[in-house]
Each structure stands twice: as structure tokens, then as C-alpha cells.
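Per my numbering, the sequence shown starts with residue 5, numbered consecutively.
Let me begin by presenting the structure, written as C-alpha cells, before commenting on it.
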Amino acid sequence: MTAALTSFEPPDRDQALVALAQACDGCRRCTLGGSRLQVVVSRGNPSARLMVIGEGPGAQEDEQGQPFVGRSGQLLDRMLESVGIDSNRDAYVCNIVKCRPPENRKPTALEMAACRPWLDQQIALVDPGVILLAGSTAVEGLLGIKGGITKLRGQWRRGEGVSLEGRWLMPIFHPSYLLRNASKERGSPKWLTWHDLQDVQRRLAQLTAPL
Ligand code: URA
């Protein structure tokens, strides 16, 4: 995207994000801190207007220390690219939990709650206009809404509460689900996600249009 898709950079924002990453590195707020290889904080552009939030690191992410770098991350990147969004230039990518849950299980409610203050700080510092929630765990972790992603996806939600007020939230299918459902036919999960992402791109364009 163009520079217009990035927000104003407060002078100390980058320093605060470095300090946050260092603090996460020493975090033992839940037991996941004891079994991870590396803490996985973020990748991408902290000045982007779009934040992508997934569930939690998998094996590749745990090894490399970056979110969404395995197969589902590669699919996420391609899908974003198909609507003109470069995940490293136009988005800030992170997860509900920053440490890999053993066997890639879903993080527990306690683990999500323990990690939430870090995520709230990231949201405050990056200040995204639009947040893409990849999968039902991201929706549950951020909004406390439990339910099938099939019903939740594709519907804009307006953020409420301190860290989300004024932000637009869009739930989508998790890319790992799309890897298991490869059809691109009309009405398929991939087809629907492509439409959801087009909607996201339109919203970003509106947010950055000159007044
Ligand atoms: N799945 C996620 O939800 N996040 C990652 O970082 C990788 C896979």
C-alpha cells in the first residue's frame, strides 16, 4: 500500500514496542512461558492501519520467533496480497497468545487472559483502524464471543472498551482452516474469505481517504 495507509508515528512508539517485546521475553504469566522455544510478539509494520490477530504460534513460529511464518502464514500472505495488502508493509501481525501451546492445542481461557495485557498494549501503541481476527479463538480471545466462525465471519463489529473503542473488527476464517478446505468455488470458505478481505481493503481505503 501507499504511505497513506500508515498512521502517524509517535516518536517513542518504536521504543515502547521494543520494551514490550523485551518484557514479553521474560514473561511467565502462564505456564506456556516454560515450554516455548521463543516468545512470538509480532511482525510487520507498527505504523500500519491494519492489525491481524491470530490464535497463537505454531512450531515454525516458535522456532523463528515470528507470527504466521508457517504454511498458514504463507496462505494468509497470499490472500492479503490478492487484495493488494502486503502483510509486512501494510499490516502489523500478532496473536492472542505469544507462546506456542503444546501440540498446537487451543490456548485456554486462562492463558488468553494472562496474555491479554500485552495485546492491549500492542493495540494501543499501533493504534490500528481495522483489526482482522483470524479464526474463532481470536474472536473469543479479543471479544469474549464464543461461536462458530462460519456465523461470525464477514460481519463488521465496532470495537468497545478501552483498547478497542472506535476500531473496526472483521472476523475471518483461520488460514489453517482454509488449507484444509482448498476449494475456491463460489460460496466456499476461500471464496468467502476473499470477499471479506476485499471488504477490509475498502474499509482501509475509506479510513485513509483525504477528507
Ligand atoms: N496460526 C496462528 O494463529 N498464528 C500463527 O502465528 C501461526 C499459525
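Glycine included, every Cβ here is placed at the ideal spot set by N, Cα and C.
Same chain only: Cβ atoms within 6 Å of residue i, ignoring 5 sequence neighbours per side
| i | result |
| --- | --- |
| residue 20 | 129 |
| residue 70 | 47 |
| residue 33 | 118 |
| residue 80 | 72 and 179 |
DSSP beta-bridge partners of residue i
| i | result |
| --- | --- |
| residue 99 | 58 |
| residue 176 | 138 |
| residue 48 | 96 |
| residue 161 | 173 |
Within 7 Å, strictly: CB atoms of residue i and residue j
| i | j | result |
| --- | --- | --- |
| residue 97 | residue 202 | no |
| residue 111 | residue 152 | no |
| residue 116 | residue 145 | yes |
| residue 127 | residue 173 | no |
| residue 55 | residue 132 | yes |
| residue 118 | residue 176 | no |
| residue 171 | residue 163 | yes |
| residue 123 | residue 143 | no |
| residue 148 | residue 99 | no |
Where the beta strand (DSSP E) through residue i begins and ends
| i | result |
| --- | --- |
| residue 138 | 134 to 138 |
Chain-order list of residues whose beta-carbon lies under 8 Å from that of residue i (same chain, five-residue window excluded)
| i | result |
| --- | --- |
| residue 7 | Model confidence at residue 7 stands at a pLDDT of 41, short of 50, so the residue's coordinates are unreliable; what they give is reported in the following sentence. Result list for residue 7: empty, nothing under 8 Å. |
| residue 37 | 31, 43 and 103 |
| residue 205 | 87, 88 and 89 |
| residue 169 | 163 |
| residue 18 | 50 |
Delimiting residues of the alpha helix (DSSP H) encompassing residue i
| i | result |
| --- | --- |
| residue 19 | 17 to 29 |
| residue 119 | 113 to 130 |
| residue 204 | 193 to 212 |
| residue 109 | Counting along the chain, residue 109 falls outside any alpha helix (DSSP H), and DSSP gives it neither H nor E. |
| residue 77 | 75 to 85 |
| residue 189 | Where residue 189 is concerned, there is no enclosing alpha helix (DSSP H), given that its DSSP letter is neither H nor E. |
| residue 39 | 36 to 39 |
| residue 153 | 153 to 156 |
| residue 90 | First-last for residue 90: undefined, no H or E at that position. |
| residue 68 | 63 to 68 |
Cutoff 7 Å; reference residue i; Cβ partners in own chain excluding five residues on either side
| i | result |
| --- | --- |
| residue 75 | 183 |
| residue 192 | 185 |
| residue 40 | 66, 103 and 104 |
| residue 195 | 188 and 189 |
| residue 101 | 36, 60, 111, 115, 116 and 119 |
| residue 150 | 144 |
query: What does the shell around the ligand URA hold, if a residue joins when its beta-carbon is under 7 Å from any heavy atom?
result: 44, 58, 59, 60, 61, 62, 65, 71, 72, 74, 76, 77, 99, 138, 139, 178 and 180
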